[in-house]
Each structure stands twice: as C-alpha cells, then as structure tokens.
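The structure appears below as structure tokens.
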Amino acid sequence: DTGVSQNPRHKITKRGQNVTFRCDPISEHNRLYWYRQTLGQGPEFLTYFQNEAQLEKSRLLSDRFSAERPKGSFSTLEIQRTEQGDSAMYLCASSLGGVTDTQYFGPGTRLTVL
Amino acid sequence: AQSVSQHNHHVILSEAASLELGCNYSYGGTVNLFWYVQYPGQHLQLLLKYFSGDPLVKGIKGFEAEFIKSKFSFNLRKPSVQWSDTAEYFCAVNQNTGGFKTIFGAGTRLFVKA
Numbered sequence: 036d037t038g039v040s041q042n043p044r045h046k047i048t049k050r051g052q053n054v055t056f057r058c059d060p061i062s063e064h065n066r067l068y069w070y071r072q073t074l075g076q077g078p079e080f081l082t083y084f085q086n087e088a089q090l091e092k093s094r095l096l097s098d099r100f101s102a103e104r105p106k107g108s109f110s111t112l113e114i115q116r117t118e119q120g121d122s123a124m125y126l127c128a129s130s131l132g133g134v135t136d137t138q139y140f141g142p143g144t145r146l147t148v149l
Numbered sequence: 069a070q071s072v073s074q075h076n077h078h079v080i081l082s083e084a085a086s087l088e089l090g091c092n093y094s095y096g097g098t099v100n101l102f103w104y105v106q107y108p109g110q111h112l113q114l115l116l117k118y119f120s121g122d123p124l125v126k127g128i129k130g131f132e133a134e135f136i137k138s139k140f141s142f143n144l145r146k147p148s149v150q151w152s153d154t155a156e157y158f159c160a161v162n163q164n165t166g167g168f169k170t171i172f173g174a175g176t177r178l179f180v181k182a
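One line per chain: the protein sequences are A and B, in this order. The first sequence begins at 36 in my numbering and counts up by one. The second sequence begins at 69 in my numbering and counts up by one.
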C-alpha cells in the first residue's frame with residue numbers, strides 16, 4: 036500500500052496526558068499537512084510542512100500542540116496536557132506540491148480524551 | 069475570512085434519482101476546487117478537482133462538477149445515484165499561492181435508499 040499511513044488509528048488517553056501521532060506520507064511527496072476533524076464538521080487545517088520546514092500554523096494550533104518533520108519524510112504531531120476538547124480525528128495528508136496541489140489523505144487517528 | 073459553504077447537511081435519495089450538492093466559497097483570486105468523498109468506515113478520497121480550463125470537470129464513479137466563477141460555486145452532480153454512493157461529501161478550496169492551506173465545507177451526508 037503506497038498511500039498515506041497514520042499510527043495509531045485510535046488513542047484513548049486521560050486528560051492531562053501527552054500523546055503523539057505519526058504520519059507517513061506517500062513517498063516523494065514533499066508537502067505534508069495536518070488537519071483536525073470533529074463530528075459534523077469538515078477537516079480544519081492545523082499546519083503544513085514543505086520538506087522539513089514548517090511553513091504555516093493555524094491559530095487552532097495552541098502552544099500545547101507541536102509538529103515535526105525532522106528528515107522531510109514522516110511527521111509527528113504531539114499534544115501536551117490533553118484536554119477533553121482535543122478529542123477529534125487527526126488527519127494527515129501529503130502532496131507533491133506545485134500550483135495544482137492535490138492532497139491525499141490518510142485514515143486518521145481518532146483521539147478520545149477522558 | 070475564507071470559507072466554504074455546503075448547502076445541505078443531509079440528503080436522502082432513492083436509487084436512480086439525480087443528485088446535485090451545492091458548494092459556495094468566499095475567496096478572492098485564483099482557486100483550486102475539490103470534492104472529496106468519505107465512504108462509511110473509510111478515509112477521505114478525492115472525487116474530482118478543478119484547477120483551470122473547462123469549468124465542467126468529470127471525476128470518478130460518474131460524478132461531475134461545474135465551476136461557475138461568477139457565482140463562486142462548484143456544485144457536484146450525478147445523473148443517477150446508486151446505493152453505493154451513500155457517503156459524506158466534502159467540498160474544498162485552496163489557492164495556488166503560498167501554503168495551499170485547504171478549507172473544507174462542513175460536509176453533506178448522502179443516504180441512498182435501495
């Protein structure tokens with residue numbers, strides 16, 4: 036399977052704990068995006084990387100959130116001191132870039148904060 | 069602020085009925101337009117996309133969409149739906165400048181009765 040993969044698929048944690056998610060993009064895709072999706076809503080942009088550089092962050096991304104893409108391949112999204120409001124599906128997408136940028140999505144990580 | 073509006077949150081149709089899902093966006097400048105579909109239990113998949121040229125674009129599974137620039141609209145159509153089209157449909161927009169942050173609509177849940 037050469038699509039975008041995400042791990043874990045599900046994560047249940049207690050409020051106040053830290054969690055980390057991983058995304059492996061389609062190989063050779065230099066752009067990588069993180070989105071959050073809550074029930075009844077479309078995905079909301081969080082941040083994106085061009086290779087290893089994080090080029091844009093949404094105001095949704097509070098100081099408790101950090102994302103990295105150290106070698107320009109896989110990416111991690113960490114949430115510190117989780118809150119119940121962080122419960123959502125976290126989606127990763129990747130693309131080749133260019134003016135006709137088309138993003139391909141992974142299956143997501145569903146986070147439940149108790 | 070940039071936004072995408074999908075007119076219907078829930079649509080119920082019988083098999084063989086025609087489908088039209090509305091999408092309007094508020095953006096200035098040149099945009100790229102997408103429709104994504106999410107089948108039950110699956111991840112977001114690209115249905116079709118518009119970048120430039122012929123405003124009537126055809127996608128997979130018999131879907132098509134028409135870009136009407138003057139109306140800031142990109143409506144999705146299918147002449148005859150099937151039970152297997154039951155899914156959630158998301159309209160999305162990005163601009164071919166800068167970060168390609170993609171803005172999604174809230175989605176339309178389509179249920180097709182057999």
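For glycine and all other residues, C-beta sits at the position ideal for the given N, C-alpha and C. Source: prediction; values computed, not measured.
Whole-Å CB distance - residue i paired with residue j, under 8 Å assumed
i: serine 40 of chain A; j: glycine 141 of chain A; result: 6 Å
i: arginine 71 of chain A; j: glutamine 119 of chain A; result: Not a contact, Cβ separation roughly 14 Å.
i: threonine 117 of chain A; j: glutamine 52 of chain A; result: 6 Å
i: leucine 101 of chain B; j: lysine 117 of chain B; result: 7 Å
i: tyrosine 104 of chain B; j: leucine 87 of chain B; result: Actually they are not in contact, since the Cβ atoms of tyrosine 104 of chain B and leucine 87 of chain B sit about 16 Å apart, beyond 8 Å.
i: valine 161 of chain B; j: isoleucine 171 of chain B; result: 5 Å
i: threonine 176 of chain B; j: valine 79 of chain B; result: 6 Å
i: serine 93 of chain A; j: phenylalanine 80 of chain A; result: 5 Å
i: valine 149 of chain B; j: leucine 89 of chain B; result: 11 Å between Cβ atoms; not a contact.
i: glutamate 113 of chain A; j: threonine 55 of chain A; result: 5 Å
i: alanine 123 of chain A; j: threonine 73 of chain A; result: 5 Å
i: tyrosine 107 of chain B; j: alanine 155 of chain B; result: 5 Å
Identity of the residues DSSP links to residue i by a beta bridge
i: lysine 146 of chain B; result: B:Leu87
i: aspartate 59 of chain A; result: A:Ser40
i: isoleucine 171 of chain B; result: B:Val161
i: isoleucine 47 of chain A; result: A:Thr147
i: asparagine 65 of chain A; result: Answer by DSSP bridge pairing: none, since asparagine 65 of chain A is not bridged.
i: serine 178 of chain B; result: The displayed chain sequence assigns leucine, not serine, to residue 178 of chain B. Partner(s): B:Val79 and B:Ala155.
i: serine 101 of chain A; result: A:Glu113
i: serine 71 of chain B; result: B:Ser94
i: asparagine 100 of chain B; result: B:Asn162
i: lysine 92 of chain A; result: A:Thr82
i: serine 141 of chain B; result: B:Asn92 and B:Ile136
i: lysine 126 of chain B; result: B:Glu132
i: serine 130 of chain A; result: A:Arg66
Residues near residue i by beta carbon distance below 8 Å, same chain, minus five either side
i: proline 105 of chain A; result: Glu87
i: glutamate 63 of chain A; result: Leu131
i: glutamine 113 of chain B; result: Tyr104, Val105, Gln106 and Tyr107
Proximity to residue i [Cα-Cα], best of the options
i: glutamine 138 of chain A; options: A:Pro60, A:Val54 and A:Ile114; result: A:Pro60
i: leucine 149 of chain A; options: A:Lys46, A:Gly38 and A:Thr37; result: A:Lys46
i: glycine 96 of chain B; options: B:Lys129, B:Gln106 and B:Ser141; result: B:Ser141
i: glycine 221 of chain A; options: B:Thr98, B:Ala182 and B:Ala174; result: Past the boundaries of the shown model lies residue 221 of chain A; chain A is included only from 36 to 149, so the question cannot be answered.
i: glutamine 74 of chain B; options: A:Phe84, A:Ser130, A:Gln85 and A:Gly77; result: A:Gly77
i: cysteine 58 of chain A; options: A:Phe100, A:Ser130, A:Thr135 and A:Leu126; result: A:Leu126
i: histidine 77 of chain B; options: B:Cys91, B:Val99 and B:His111; result: B:Cys91
i: cysteine 27 of chain B; options: B:Ala133, B:Ile128 and B:Lys137; result: Outside the modelled stretch of chain B, which goes from 69 to 182, sits residue 27 of chain B, for which no answer is possible.
i: serine 120 of chain B; options: B:Ser152, B:Glu83 and B:Lys137; result: B:Lys137
Contacts around residue i, its chain only, beta-carbon distance under 6 Å, and the 5 residues preceding and following it disregarded
i: glycine 132 of chain A; result: Asn65 and Arg66
i: glycine 109 of chain B; result: none
i: proline 147 of chain B; result: Ser86
i: aspartate 136 of chain A; result: Ser130
i: serine 101 of chain A; result: Glu113
beta-carbon residue i near the ligand ZN non-hydrogen atom, thresh 7 Å
i: alanine 128 of chain A; result: Annotation note on the ligand ZN: not contained in the displayed structure, which lists no ligands.
7 Å Cβ shell around residue i - same chain, five flanking residues per side excluded
i: aspartate 121 of chain A; result: Ile114, Leu146 and Val148
i: tyrosine 157 of chain B; result: Leu89, Trp103, Val105, Leu144, Gly175, Thr176 and Leu178
i: lysine 169 of chain B; result: Asn162
i: phenylalanine 135 of chain B; result: Leu101, Tyr118, Pro123 and Phe142
i: glutamate 103 of chain A; result: Ser110 and Thr111
i: serine 94 of chain B; result: Gln70, Ser71 and Phe140
i: glutamate 91 of chain A; result: Thr82 and Tyr83
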